[in-house]
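*Asks:* Residue numbers (the numbering used here): -2 to 108.
Note that CB positions come from ideal geometry on N, CA and C, so glycine has one too.
A quick note: this is a predicted structure, and the numbers were derived from the prediction, not measured.
Please see the structure below; I have some questions.
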Amino acid sequence: MDGEPSGRRSRAESAFVRTVNAKVGRKLRAQQNGTQGAWSGLGVFGLIGWSVTTPTFLGAMLGVWLDRHRAGGHSWKLTLLVAGLLIGCASAWHWVSVESTAIQEDSDKNA
């Protein structure tokens, strides 16, 4: 019809259909799992941010309290701020690792 052999066209169409079906399947699975695209991504950034910020802030506040109530040769505020930051980063790293593994397993299962 447009100068292309029918065998080549049917192979191209079937590849296109497989690609479209795979994308539709991923989209449906994402909707079933509650994933909402860009808003979900922003929510994940917020979750990771709070998982780092909260222990850092709590460590700093505990350090301020200790510095006021216990005189010492070193700063509890700085020590506990860094400890909170490390705990928060480890927590965020663990959460991202678990989610990444789950996504990879789902991708492998549905591929």
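In the stretch 43 to 87, which residue ranges form an unbroken alpha helix (DSSP H) of at least 4 residues, counting only runs that do not cross its ends?
*Replies:* Counting whole runs of 4 or more residues, the stretch 43 to 87 contains no alpha helix (DSSP H) stretch at all.
*Asks:* Cα separation between isoleucine 100 and serine 94?
*Replies:* Reading the sequence shown from its first residue, position 103 is the one you call residue 100. Reading the sequence shown from its first residue, position 97 is the one you call residue 94. Their backbone Cα atoms lie some 10 Å apart in a straight line.
*Asks:* Would leucine 63 and tryptophan 73 be called neighbours here (beta carbons separated by less than 8 Å)?
*Replies:* As a working mapping, residue 63 is identified with position 66 in the sequence shown. As a working mapping, residue 73 is identified with position 76 in the sequence shown. Against a cut-off of 8 Å, the Cβ pair of tryptophan 73 and leucine 63 comes out as a contact.
*Asks:* Quick check on the burial criterion: 16 or more other C-beta atoms within 10 angstroms. Buried or exposed for histidine 70?
*Replies:* In the sequence shown, the residue the question calls residue 70 occupies position 73. Strictly speaking, residue 70 in this sequence is glycine, with histidine absent from that position. With fewer than 16 Cβ atoms within 10 Å of its Cβ, glycine 70 is classed as exposed.
*Asks:* How many whole angstroms separate the CB atoms of glycine 85 and proline 52, which I take to be in contact at a CB cut-off of 8 Å?
*Replies:* Walking along the sequence shown from the start, residue 85 turns up at place 88. Walking along the sequence shown from the start, residue 52 turns up at place 55. Between proline 52 and glycine 85 the Cβ distance is about 4 Å, and since that is below 8 Å, they are a contact.
*Asks:* Whole angstroms is fine: what's the gap from leucine 44's alpha carbon to asparagine 18's?
*Replies:* Here residue 44 refers to the residue found at position 47 of the sequence shown. Here residue 18 refers to the residue found at position 21 of the sequence shown. Each residue's alpha carbon lies about 32 Å from the other.
*Asks:* Classify leucine 39 as buried or exposed, calling it buried when 16 or more other Cβ atoms lie within 10 Å of its own Cβ.
*Replies:* Numbered from 1 along the sequence shown, position 42 holds the residue referred to as residue 39. It is exposed - the Cβ of leucine 39 has fewer than 16 other Cβ atoms within 10 Å.
*Asks:* Given alanine 177, which residues of its chain have a CB within under 6 Å of its CB, disregarding the five upstream and five downstream residues?
*Replies:* As shown, the chain starts at -2 and ends at 108. That puts residue 177 outside it, with no answer to give.
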